[in-house]
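The sequence shown lines up with residues 9 to 66 when you count with the numbering used here.
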Amino acid sequence: MSSRLVEIFEDQKLVQKIKKKLPYLFQLAELESSRAGKIGMEVGSLREKIIVALLIYK
Numbered sequence: 009m010s011s012r013l014v015e016i017f018e019d020q021k022l023v024q025k026i027k028k029k030l031p032y033l034f035q036l037a038e039l040e041s042s043r044a045g046k047i048g049m050e051v052g053s054l055r056e057k058i059i060v061a062l063l064i065y066k
């Protein structure tokens, strides 16, 4: 694993911040991709974008 990723996952303050925000952001992704009460397949792509954005944000 690259040193940047190791640094991110060893930073407990950042890990807690991500854990706190992730459920809310995933819920927004589900609402954004839902059609007629069903979650669309693009929710996976939105979740990936959220995770990447949180890792880059540091």
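Glycine included, C-beta positions come from ideal geometry on N, C-alpha and C.
Values in this document were obtained by computation on a predicted structure and should not be read as measured data.
By the Cβ test, the region 47-56 is not in contact with the region 15-27, since fewer than three Cβ pairs between them sit closer than 8 Å. Exclusion of the five residues before and after K27 leaves no residue of its chain whose Cβ lies closer than 6 Å to its Cβ. Distance from the CA of K25 to the CA of G48, rounded to the nearest whole angstrom, comes to 27 Å.
About 6 Å separates the CB atoms of A37 and V51; that is less than 8 Å, so the two are in contact.
Secondary structure at S10: coil, using DSSP grouped into helix, strand and coil.
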